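Participant:
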Amino acid sequence: MLSTRWEPWTELDRLSREMDRLFHRGGNGQSSLAGAGSVPALNVWEDDANLYAEAELPGFAFDDLNIYVLGNQLTIQGERRPPQHEGGSWHRQERGYGKFSRMIELPTEINADGVSAELNHGILHITLPKTEAVKPRRIEVKST
Amino acid sequence: MSTTMTTTSPSETHSTNDPRFDSGTQKPMSPTFQPRFDIWEGDDEWILYGDLPGVVCDDLVVTFENRQLSVHGKVGRCFDGENALCSEYRVGDFQRSFTVGEAINSEAISAELRDGVLTLHLPKSDRAKPRRIEVSAT
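In the order they appear, the protein sequences are chains A and B.
With this note's numbering as the guide, the letters of the first sequence map in order to residues 2 to 145.
With this note's numbering as the guide, the letters of the second sequence map in order to residues -7 to 130.
1) Using only alpha-carbon positions, find the residue among A/I105, A/G60 and A/L52 that is nearest to A/S39.
2) List the residues of chain B that A/P84 touches, going by C-beta distances under 9 Å, in chain order.
3) Pull up the distance between the alpha-carbon of A/G99 and that of B/F86, whole angstroms please.
4) Quick check on the DSSP output: the beta strand (DSSP E) that includes A/Y69 runs from which residue to which?
5) Does the CB of A/S48 have a neighbour CB from chain B at under 9 Å?
6) Distance check for B/V48 and B/K121, CA to CA, integer angstroms please.
7) Could you tell me how far apart the beta carbons of B/D137 and B/K116 are, in whole angstroms, since I believe they sit closer than 8 Å?
8) Below 8 Å, can you find three or more Cβ-Cβ pairs linking the segment 50 to 62 of chain B to the segment 90 to 110 of chain B?
9) Answer yes or no: do B/G42 and B/P23 have a C-beta to C-beta separation smaller than 9 Å?
10) Give me the chain A residues within the contact set of B/F71, using Cβ-Cβ distance strictly less than 7 Å, ordered along the chain.
11) Give me the Cα-Cα distance between B/G65 and A/G123, rounded to the nearest whole angstrom.
12) Using the DSSP secondary-structure output, state which residues sit across from A/L75 in a beta bridge.
13) When the Cα atoms are used, what is the spatial distance from A/E116 to A/L75?
14) Measuring only the C-alpha atoms, how far is A/R103 from A/R96?
15) Counting only the same chain and skipping the five closest in sequence on each side, list residues whose C-beta sits under 7 Å from that of B/S7.
16) Listed from N- to C-terminal order along the chain, which residues in the segment 109 to 132 of chain A have their beta-carbon within a distance smaller than 7 Å of any beta-carbon of chain B?
17) Output the boundary residues of the beta strand (DSSP E) element that contains A/E47.
18) For A/A134, count the other beta carbons within 10 Å of its own beta carbon; 16 or more makes it buried, fewer makes it exposed. Which is it?
19) Under 9 Å, do A/T128 and A/N51 count as touching if we go by C-beta distance?
20) Step through the CB atoms of chain B and report whether any lies within less than 9 Å of the CB of A/S102.
21) For A/P137, does the three-state DSSP call read helix, strand or coil?
22) Mind pulling the chain A residues with CB within less than 9 Å of B/G46?
23) Could you spell out the range, first to last residue, of the beta strand (DSSP E) harbouring B/C78?
24) A/S90 touches chain B at which residues, Cβ-Cβ below 9 Å?
25) Identify whether B/D107 lies in helix, strand or coil by the three-state DSSP scheme.
26) Under 8 Å Cβ to Cβ from A/F61, same chain only, skipping five residues before and after it: list those, please.
27) Exposed or buried, A/A56, counting other C-beta atoms within 10 Å across all chains shown (16 or more means buried)?
28) Residues in its own chain within less than 6 Å of A/A54 by CB, not counting five upstream and five downstream?
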């Protein structure tokens, strides 16, 4: 079929994409992974025994990541490389590439020897056990 | 030439929260996000790369119908912010569609999901491929 429908929203989207391209993605070759805020974004939460940190790192293998714990500082470093193609052309590159390094300060002392990390389906999950000294202790109340 | 593959969605390409989910419901429902995509065009095919962290194969639906390519990934886990010390991103499903303006051999579309990255191969149909014209010397 050769019929062409007039799709006003598509036209608007096209326009807004063009504006986007002009003003934001000026094609200066800067990696957006390094440019936008703190990368990777982290969610950190805790329970009585552990701190947990989670980050979305799609396309990373464990070899691409370095995780360090020093005192109560957690450092995550990594690099993602763009797919290589000979010839052809890129119509859209929204995913970020390049190196990142992020250090956060944890609010409690942790036992660095017990830190473990998993990488599943692009989600990095780090478990950081608290030191015995900072774990909440339940005080038994004895009835006399 | 203009791009022949276009999104149907607004220009903000990630972390677009659907406002419908935030109002009216008592329970906070997980938002839906637009995954980021790279699109590459070669002579024989289009390749799309999409970041879908946390999506497993069984929870990913890719459909191609009437020139509309849709990707929908469900994310099982959630982060409700309980006991949070630092909350910098939200977790939710992924949804995005593209209008494909070029002839695609839809039978031969293939997709793979690895480490949270979706790779979609859209082979061009023969009539859309560039053709080299042989020039014969007389």
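All C-beta atoms, glycine included, are put in the ideal place defined by N, C-alpha and C.
As the structure is a computational prediction, the values presented were derived from the model and not from experiment.
Facilitator: The relevant details are as follows:
1) Out of A/I105, A/G60 and A/L52, A/I105 has the C-alpha closest to the C-alpha of A/S39.
2) D30, W32, I39, Y41 and T111
3) 24 Å
4) Start and end: L66 to L71.
5) It should be noted that the sequence gives Asp, not Ser, for residue 48 of chain A. Yes, A/D48 counts as interfacial toward chain B.
6) 33 Å
7) As shown, chain B starts at -7 and ends at 130. That puts residue 137 of chain B outside it, with no answer to give.
8) yes
9) No; because the gap between Cβ atoms is not below 9 Å, this pair is not in contact.
10) N44
11) Each residue's alpha carbon lies about 14 Å from the other.
12) A/V70 and A/I105
13) According to the sequence displayed, residue 116 of chain A carries Val and not Glu. Cα to Cα, the separation comes out at about 10 Å.
14) 18 Å
15) Only weak support is given to the placement of B/S7: the predicted model assigns it a pLDDT of 42, under 50, and the question is left unresolved by the model.
16) H122, G123 and I124
17) L43 to E47
18) exposed
19) yes
20) no
21) A/P137 falls in the coil class under three-state DSSP.
22) E57, P59, N121, H122, G123 and I124
23) A76 to S79
24) W32, E33 and G34
25) coil
26) G79, R81, L120, G123 and L125
27) buried
28) L43, V45 and I127
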